[in-house]
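Trainee: Following this note's numbering, the numbering of the sequence shown begins with 874 at its first residue and continues without gaps.
Every residue, glycine too, gets a C-beta built ideally from N, C-alpha and C.
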Amino acid sequence: MSDHIIAFILGIVEGLTEFLPISSTGHMILVGNLLGFEGEKASTFEVIIQLGSMLAILVLFWKRFLSLLNFSSIGKPEKRLDAIHIILGVLPAAVVGLVLHDFIKSLFSPNVVVISLIAGAILMIFAEKKHRAFTSTTVDELSYKQAFTIGLFQCLAVIPGFSRAGSTISGGLLVGANHKTSAEFSFLVALPIMVGATGLDLVKSLHFLHTSDIPMFAIGFITAFVVAMVVAVLFLKILGKIGLTVFAYYRIVLAALFIVFVIL
874 MSDHIIAFIL GIVEGLTEFL PISSTGHMIL VGNLLGFEGE KASTFEVIIQ LGSMLAILVL
934 FWKRFLSLLN FSSIGKPEKR LDAIHIILGV LPAAVVGLVL HDFIKSLFSP NVVVISLIAG
994 AILMIFAEKK HRAFTSTTVD ELSYKQAFTI GLFQCLAVIP GFSRAGSTIS GGLLVGANHK
1054 TSAEFSFLVA LPIMVGATGL DLVKSLHFLH TSDIPMFAIG FITAFVVAMV VAVLFLKILG
1114 KIGLTVFAYY RIVLAALFIV FVIL
């Protein structure tokens, strides 16, 4: 199979899974294993195409991100998402990621991914069954306390296979945000974390980049960007109707596939 086809397939996988609560890491490892695309080049490629997914979120929510620069709204009585919400949602995972970066990288193994997939599924099912009555039906109704608590849940996403979306959306439900609000806030707080983590990985991977790889990396980047945009829009529309449970069961199936194709 040519590198261009591999890039296209993995770009689709990245775009489909990065912002769904099903673990993009798990899917990339599994599909990369099935395609025989592994090693340092593959790791660098994954960093590049993640940038495509991040760009999709920036394009979709550019007005919201731009509004966060209006610091005059901070502390005012009317409800509105502001920069403090984002900082509180990002800070816990950012601190954990910086302090434990090398340890987190050591966790990237099939066994950890399988455990995380199942543990994340259990959390999502629990959140669906035990969530409080919805007090926040838009991101503008989120309190600082809710934003920080969701940020604490995002710390779980540093574990490979747990899923940033799965942990933050579950946290959102448990603090009284509805599905759409939880998902939208998950997207908003994911971008700063991903920019930091991906930027750090990219700097460490620069020596693996060669001009001959540009076409392959470009295909993966563009594919991930387009697919992530479509998936994010559709996910926000349907999540409230289908909930997290269906994704949780899918994660358990994925864990079984992981055991069969990667571990055994």
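In angstroms, rounded to a whole number, what distance separates the CA positions of residue 941 and residue 1136?
Mentor: 44 angstroms
Trainee: Can you tell me the Cα-Cα spacing of residue 1008 and residue 1057, whole angstroms?
Mentor: 16 angstroms
Trainee: Apply the 10 Å Cβ neighbour rule to residue 1005 and answer buried if 16 or more other Cβ atoms are within range, or exposed otherwise.
Mentor: exposed
Trainee: Would you call residue 1119 buried or exposed, if buried means 16 or more other Cβ atoms sit within 10 Å of its Cβ?
Mentor: exposed
Trainee: On the CB-based measure, 16 or more other CB atoms within 10 Å of its CB, does residue 1023 come out buried or exposed?
Mentor: It counts as buried.
Trainee: Within 8 angstroms, do at least three Cβ pairs link the region 883 to 892 to the region 1087 to 1106?
Mentor: yes
Trainee: Mapping DSSP to helix, strand and coil, what is residue 1009?
Mentor: strand
Trainee: If the criterion is Cβ atoms closer than 7 angstroms, does the pair residue 1121 and residue 990 meet it?
Mentor: no
Trainee: Is it true that the CB of residue 1075 sits closer than 7 angstroms to the CB of residue 932?
Mentor: no
Trainee: Within its chain, find whatever has a CB closer than 7 angstroms to the CB of residue 981; leave out the 5 residues flanking it on each side and keep chain order.
Mentor: 1033
Trainee: Closest by CA to residue 1125, which one among 998, 886, 1015, 929?
Mentor: 998
Trainee: Please check the pair residue 963 and residue 1065, which I expect to be a contact at CB under 8 angstroms, by giving their CB distance rounded to whole angstroms.
Mentor: 5 angstroms
Trainee: Could I get the ranges of all uninterrupted alpha helix (DSSP H) runs contained in the region 1033 to 1069, with 4 residues as the minimum, in chain order?
Mentor: 1037 to 1047
Trainee: Which one of 934, 965, 1044, 970 has the shortest CA to CA distance from residue 954?
Mentor: The option with the nearest alpha carbon to residue 954 is 934.
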